[in-house]
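**Q** In terms of my numbering, the sequence shown opens at residue 7 and continues consecutively.
Virtual Cβ for every residue (Gly too), placed ideally from N, Cα, C.
Remember, it's a predicted structure, so these values are computed and weren't measured experimentally.
One structure, pasted below without further comment.
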Amino acid sequence: MLLLLTATATAFVVTQHLKLEPSPISQTHVDKVFSPVCNCATSSAHIDFAIRRADHLRIVVRTPSGSAVVADRDFPKGMVHVKWDGRGVPDGIYHAVVHMQRAQRTIDLPNPIRVDTVKPTIALISMSRDGAQTLFRYRASEPAHALLFVNGERRIRTYSTLKRGKFAYAGRLTAKTRLVLRARDVAGNLSPPVKISSL
């Protein structure tokens with residue numbers, strides 16, 4: 007009985023010590039959503055965090071087909087910056103895991119990473135003159151930036167990502183002006199082009 011009480015007390019002390027010990031990982035930042043097929047700035051997910059001591063880290067992302075290894079090497083004390091390309095995995099929510107060899111710790115990063123490869127769609131609701139400007143109203147299939155291309159050049163990119171929105175274009179439009187409307191969602195996927203008559 008005495009041995010059992012001693013073992014229980016020891017386990018309690020160890021547990022309390024671990025609770026008081028600061029986490030070996032801090033300042034975690036993980037991209038919330040990306041598209042591995044967009045050929046854009048968000049084609050991979052950035053996984054960033056700081057470690058208190060130098061360590062050999064094995065960073066993986068859990069996937070349906072097993073762990074995708076993002077990095078497996080020594081890192082110095084301080085910030086860690088790695089990227090996951092997400093190639094070959096289905097759309098969905100994923101989490102990164104950090105195995106710390108020297109610290110003998112495994113840390114599940116709570117930040118979810120969403121893989122989204124579905125292209126948005128966009129439709130023009132109306133186009134009207136507003137003084138010296140032309141006002142475009144649009145509807146997208148999901149929150150997205152609206153893009154306006156004039157004669158092959160991108161002239162407008164909305165700041166906000168909305169499902170329904172509007173923007174104004176101040177350039178001169180003629181019957182020969184080629185207008186194309188597109189949408190880019192938060193993951194980076196680009197919609198098919200929608201040609202617009204400038205008349």
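(1) Please report the Cβ distance between A47 and P126, rounded to the nearest whole angstrom; I am assuming they are in contact, meaning their Cβ atoms lie under 8 Å.
(2) If I99 sits next to R68, beta carbons under 8 Å apart, how far is it from one beta carbon to the other, in whole angstroms?
(3) Starting from H101, follow its DSSP beta bridges and name the residues at the other end.
(4) Curious, which full-length beta strand (DSSP E) runs of at least 3 residues does the segment 82-152 contain?
(5) Drop a sphere of 10 angstroms on the beta-carbon of N45, count the other beta-carbons inside from all chains shown, and report buried for 16 or more, exposed for fewer.
(6) Would you report the Cα separation of S134 and A152, rounded to the nearest angstrom?
(7) Whose C-alpha, out of M106, D114, S147, P118, is nearest the C-alpha of V124?
(8) Would you mind sorting V104 into buried or exposed? The rule is 16 or more other CB atoms within 10 Å of its CB.
(9) For I128, which option in A138, D114, A102, R143 has the closest C-alpha, if you only look at C-alpha atoms?
**A** Let me spell this out:
(1) About 17 Å; that fails the 8 Å criterion.
(2) I99 to R68, Cβ: 10 Å. No contact.
(3) Answer is none; H101 lacks a bridge partner.
(4) 84-90, 98-100, 102-106, 111-114, 119-121, 128-136
(5) exposed
(6) 17 Å
(7) S147
(8) buried
(9) R143
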